[in-house]
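Numbering-wise (this note's numbering), the sequence shown opens with residue 26 and increments by one. Following: one structure in structure tokens, then a few remarks.
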Amino acid sequence: MNQCIINQAKELIPHLKKVNSKLQGESIKLFSDKESIIVERRKPVVEEMLKHLESSSITNCNTMIDAEAGFGKTYDIGLWSHALAQAGYHHLVAVPNGNLVEQAKKMIDGAFTVDVKTPKTVQEIEDTLKVTKPTTIIVTHDLLLQQENYRKFEEQNGEKPKLWVSVDEADSINKQQAFENMCKLDAKYPTTYLTATPKKRILNRCGKIISPTRSSRRCISNTIKTVNVIAKTNEREKFNRAFVVNVAATIIPLITLFPIINSNFIFSIVMLPIWWVLTKITGVESKELLLRFAANVRSLFTREKSSPAHEYVEECEKVFNYNKLVDSDNPLESVRWNIQSPVGENALILVDDVNSIINLSFALQGENNLVYEDGTRYEVYNKFQPEGMSYQDYRLKLRQSNFINCIKKQHPGLTEEQISELKDKVDFSDTAKYLEYRVMHSMIDLTLSYLMRCDNTALDKQRREDLGGLIEGVKDKVSTANDDNIIAFLKEKGFSEQFAKDELLPQVNTVISALKTSNDDQSRLIVDNWHLSKELHDLVEREEGVLHSLSSFCKKNKCIFAGLGKNDLGIETNKPFFKITRNDAGKYGVDYCNYDQGDLNTLAKYALITIIDESKGRGFDSEYNHVASIFTDSTSQFNNPAGALQNLGRNRERNPNRQPWFFAAGGEKIELFVDKVLAKLKSAPQDFCQEVLFPATDRYNKLIKNRMGIELGEKIEIYISENMDALGNIDDAALKKFSDDSMKEVYEKVHDINDFDVGKTEEDLRKILKSTEKYLCSYEDRIKNNGKLSCTRSVLFSMGIAIAKVMYYLWSGFDYLVFLAKAYNVDKSEDANAKAYVHIIRNCYFESSVKAQNMLSHVLKIAGENDDSFTQNSLYEGNGDRCKEKIISYFQSKQYIYALDKTISRIENKHLVTILKAVDCRDDADKMAQEIKDFLYDLKNLNCADFRKKHYCGCSYKMSNLYKINNQISMVIDEVIDCHKWRHGVISERDNFFGDFVDTELRENCGLRPKLKTNHNIFKVKVNNNFSELWRKNWEERSRQRMVLGTAMLFIGLIVSVKLIYEISLGYTMLLPSLCGSIAFGPLVLLCGALLCGITTYLVKGTFFLFGIPILLGELSKCVFRNGLVQDLSEITLSFGNNAFFYAPKSILQSFIFEDATKFDSLSDMNKLTLIREQDKAKCMNEVADKIVATDLSAVLVQPTTSEQEGLVLN
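So this is what it looks like as structure tokens:
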């Protein structure tokens, strides 16, 4: 910069010193008839500017003021105008748009006595600059920078006017020509750039950066990485370390001791004390270790989802922070002021995606296990309960533990009894309940503010310094309260009169009434208004509580969503609502909020509600001490380091008596860019920008550019989805225009990121378009692979399911042999239901039937969706046959026909009639059975047109023969599955629910059994999975004497059998009579006892799995492995696995085989069906991809300017 300009700028120093000397106290009026300004915000800017101008080494007097939106940078401009006017300078101020021109003029006129003009043309700017009197000139960016207008500012004799330029929101100048003109302007005139999001190209134009607020931040900033519940609790409970230690401690003895001992039983006895010692060292009990290991294995194949919204909620609940505000010997007073938690503070929660909004609605309503898109979070944890408790109880215990640890750390001298008393004073409810309490606390503060005529900060200060005095003051004021004064007070706050009267007045009166009627202890609780107080919360929870009348208002207004953007959930755009609900069918509903926008904004301004919003303007004028940003994607605006600083700035930290909080919660497996920025906030401004902010922003921008191709593809995909009808028709010209416009938007964004480097932008744009082509062309593959496991998980899953099936079918095979033996005589029976039941078990396999059910449900779903689309868009008119054949194509697909071949086709006609009668088709079952068989034949042998004429002609889809027959098929397949469930003893969740409260016989009568079931004995032949249940049932059905005798024989036979095996294994020689006696009183007595008790099958299975399987596994190891040590290791490992299988609940295995495995096996065929529906869309995307990659970039790119070639723009 020209030294002459620098010397001229130094003329400002005495005037700045004069202004600085006036900036004293909390606030000041520089002019008696103007508004006051906040000193602590303005003074740091003036002082830093003075340091810069007074520096002897100054070479560039341009400055950048870096402060978040809402900090009051416009007042800095006004104060600077005041100082410049004293030195005879004009002040040219550029703001982004016309609205901000008027806003800036109003704010500057309101606080400073300066001459402000707002010219609308360049000529008016020139005329104003010719005036001798210093003037503040406010214009838009476009007016100042769209051309080289600075040349016109010079007077006719070539002299430059005394002018200082200020550019507000300089980061919004994202056009190359405008930025170059700005660079030329700041080379001739000293310039101040004001921004909330610093950019490298702006900082390079400046000699000084001023960050007035960042170094004084008190806010605790936490970043939250999302992981699933099992992985998160693994880390917390140190499972990974314990598992590794136990495995290592087992393998080493296996290698060293087992070859010597060579006995599984003795080796297990040797290892028991070792495992016991390990549990004490690692702090993880054996049972917990095994349960957690099983839960981890299950979680590999169960697609439980994680959610940053839920993670944020759980983090808030468990965090307790010590911040010494009072020095008191009273432990309760110390805890009340010095230990704080974000769960008690009303929050501003920032979200920018549908996923997070819906998940947040679930979490804030207490639906902690529900996740968007029909997912769950902790079903696996609750199923295994590795810590011996449900996940909800685990979280409660964690919250209490963190609070106790916080107390112990700061007050080590307290006894356990004292700590317990303090714990009882704190409410450890979850966030869903605390949201109601937050409203209650805010309403109390609002009432006290009315009574004492002071804000929350002043109230907290008086509570902390003189609570007794505040209580007395409130008592004196309570009697003076009346409705008119309350409404007037609320109107002053900004509420409409109607809202104040209808919604807020009754609540304020409730608090006033409570203050009038309550005793001293209750009054003290209310006035103190401790946000974590259990006693205070009881006053609103209990029906007899003095604040109970607040309850309904608190529940209704505990959180408000400011609105949802464009979505496909049927939710109105940008309309406020209280919550989102989801029914059993997966449909979403909304409880809308009809508050006036002004009242909603005022509620938010005074932190009277927890509000969820994505607006960039929300929060900068509010009193929230708790702000959070939640996002699911790495490319979210909230993961942008500059955006994170903006979000942090929404926490104004106005109340020094409360701990301010900021959370940034990112989705699973995303790259967080905000963590390091938040961790180094207090670095020197220049170092922070160059060493922290800009490198993080560069990494974020690199990711943004890498994702732009996919995002462009997603944008085009959404456009095609929304504009292509169900028959595949779309406006090609409109699609081309949309694609071209989208590419230009991408170019402008990349050009801005690259600081207007045309060559780099062209290179990046080519990569982006190539990525877009790849994304669009992958549409078919994405549909085919939707929901499938990764390669690694798929291999592990396949191995696991193969082992599980082998073990389970060996287990149930004994019962199947018994079933076949007893089914032999069923054909001679007159019970048609029993015959059909046996026929189903013999001919329709359980797994195939479940897959067919999945397939049928999917076909009916997409056929119904197509029918709805055709009807809503009137496509049946003129395209009836084509629409119908589109629906028929799903039913004539190979996948659907194959599913029916494995089920319905295998059922003989007479048995099909019986099944139809059982499922309530009694009147025309014979006719319906024949129609189903004919339908199956037509599916395979008729072409689409002929099939339509026969089964789908002249009527709507839901009235057609096609729909009717498939519904009957669905009922038959459901009955087939119920029959298999009955035989295998599979218990569904519904059965489990009823099982806890309802007798078995009553449960069967309630419909939790096959409809074919009769009293025939064949229905009693089931897979025996539970020995104790089997024993209990037999004890009830058989005579007591028989069971006692059978039990005695079992015991005697077992003892003698063990003795016989022991003597034979040691090689003892036995006389023939002794051997015969041992056999008679051993195995034979054991078998007779089993027959008497009715557990023969179970005994055979147990013997086989305990003794036979280990022998088989040992031989298998010898066949597979040649090394003796490896053989021993594999044998003992397999033996342990076999023992675990024997003792494990078989319901877990059944669920794995018949639910998880069949679900994943069905995915491939279901996805192929989906692809049939989406084939027109896939074709269109391929065509668009070809056109995009062939785009001539010369029509998009901006050519390098002369200034860029000369290197004027500094990068």
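Don't be surprised by glycine CBs; every beta carbon is placed ideally from N, CA and C. Please read all numbers here as calculations on a predicted model, not as lab measurements.
The residue from Arg239, Ala195, Asp167 and Tyr649 with its alpha-carbon nearest to that of lysine 224 is Ala195.
DSSP places serine 854 outside any beta strand (DSSP E), giving it a letter other than H or E. The beta carbon of methionine 733 lies closer than 6 Å to those of Val771 and Ile793 in the same chain, with the five residues before and after it left out. The beta carbons of asparagine 626 and tyrosine 649 sit no closer together than 8 Å. With respect to the C-alpha of threonine 217, the residue from Ser236, Leu439 and Ser191 having the closest C-alpha is Ser191.
For serine 191, DSSP records a beta bridge to Val118 and Thr217.
Secondary structure at glutamate 392: coil, using DSSP grouped into helix, strand and coil.
When rounded, the separation of the alpha-carbon atoms in serine 241 and glutamate 798 is 49 Å.
Inclusion of valine 1069 and phenylalanine 844 in the CB contact set at 8 Å is not warranted, their separation being larger than that value. In this model, asparagine 682 and leucine 530 are separated by some 28 Å (Cα to Cα).
Here DSSP, grouped into helix, strand and coil, assigns valine 376 to strand. Excluding sequence positions up to five before and after aspartate 621, its CB lies within less than 7 Å of the CB of Ser521 and Phe524, all in the same chain and listed in chain order. In the structure shown, lysine 233 falls within a strand segment according to DSSP collapsed to helix, strand and coil.
Remark: C-beta atoms of isoleucine 255 and serine 324 approach each other more closely than 8 Å. Under the DSSP assignment, glycine 494 falls outside any beta strand (DSSP E), being part of the alpha helix (DSSP H) whose first and last residues are 481-503.
Counting only runs that start and end inside the segment 862-939, the alpha helix (DSSP H) elements of at least 4 residues fall at 871-897, 901-916 and 919-926.
With distances taken between CA atoms, cysteine 1205 lies nearest to Ala758 out of Ala758, Leu1194, Cys969 and Val1011. Looking at the DSSP output, valine 141 shares a beta bridge with Thr161. Around the CB of glutamate 490, fewer than 16 other CB atoms lie within 10 Å, so the residue is classed as exposed.
Secondary structure at serine 197: helix, using DSSP grouped into helix, strand and coil. Straight across, the Cα-Cα distance linking methionine 468 with lysine 458 is about 16 Å. Counting only runs of 4+ residues, the alpha helix (DSSP H) found wholly inside the segment 745-831 occupies 757-778, 783-802 and 804-809, in chain order. By the neighbour-count criterion, in which a residue is buried when 16 or more other Cβ atoms sit within 10 angstroms of its Cβ, glutamate 742 is buried.
Around glycine 391, the same chain offers Asp455 and Ala457 as residues with beta carbons nearer than 7 Å, after the five sequence neighbours per side are excluded. CA-CA distance, isoleucine 1080 to glutamate 1180, rounds to 41 Å. When secondary structure is reduced to three states using DSSP, leucine 316 falls in the helix class. Each residue's CA atom was taken as its position, placing threonine 401 and asparagine 393 some 9 Å apart.
Inter-residue distance for asparagine 271 and glycine 413 is about 20 Å (C-alpha atoms, whole angstroms).
The alpha-carbon separation between alanine 924 and methionine 880 amounts to approximately 7 Å. For tyrosine 631, the three-state secondary structure derived from DSSP is coil. Going by DSSP, lysine 54 is part of no beta strand (DSSP E) at all; its letter is neither H nor E.
Between threonine 161 and the set Val269, Lys604, Lys98 and Ile102, the nearest pair of CA atoms involves Ile102. Membership of asparagine 32 in the alpha helix (DSSP H) is indicated by the continuous run 28-34. Taking all protein chains shown into account, asparagine 1192 has 16 or more neighbouring C-beta atoms within 10 Å of its C-beta and is therefore buried.
Assigned with DSSP and collapsed to three states, glutamate 693 falls in strand. Burial check for threonine 598: the Cβ neighbour count within 10 Å stays below 16, so the residue is exposed.
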